[in-house]
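Plus 9 on top of the position in the sequence shown (first one is 1) and you've got the working numbering.
Just so you know, even glycine gets a beta-carbon here, dropped at the ideal spot from N, CA and C.
Just so it is clear, the structure is predicted and the values come from calculations on it, not from any experiment.
For reference, the structure discussed in these notes is given below.
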Amino acid sequence: SQTAFEINNTTTNLANTPGFWRVTAGYTNFNTSSGDINCSFNMTDGASTKVVWKNRLSVSSSLQVNGGDIDLIFFLPAGITLSGTAGIYSYLSGSYRQVADINANLTDPAGFF
């Protein structure tokens with residue numbers, strides 16, 4: 010019941026069903042002295058967007074790379090969408106799944122008995 014994603018140079022909507030969502034992912038940023046590079050997870054209600062997690066690599070005169078793994082839980086109230094964003098020199102990939110509904114009732118993975 011996991012949904013995989015891979016984001017580069019765009020923003021991708023991941024989830025909009027109310028409840029608790031687990032996101033496990035890896036990220037990589039690299040720059041070639043062309044500006045700040047970043048990837049993030051964002052929450053929006055359609056009118057405004059809040060960055061809720063971000064990794065940034067500052068501009069440098071030499072090639073730099075950073076990266077890592079993340080394991081996050083997000084709560085989405087009704088009307089909120091979770092999205093991931095990665096710049097042109099950023100990669101954000103992993104998977105997500107709903108772990109509980111809006112009332113905190115656990116959501117069993119597919120095939121769990």
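Asked	Found
Helix, strand or coil at Y98 [DSSP, three-state]	coil
A24 - DSSP class collapsed to helix/strand/coil	strand
Among I16, T19, T21 and V32, nearest to A109 - alpha-carbon criterion	V32
Counterpart residues of T19 in DSSP-defined beta bridges	A95
Nearest neighbour of W30, chosen from S10, S67 and I97 [CA to CA]	S10
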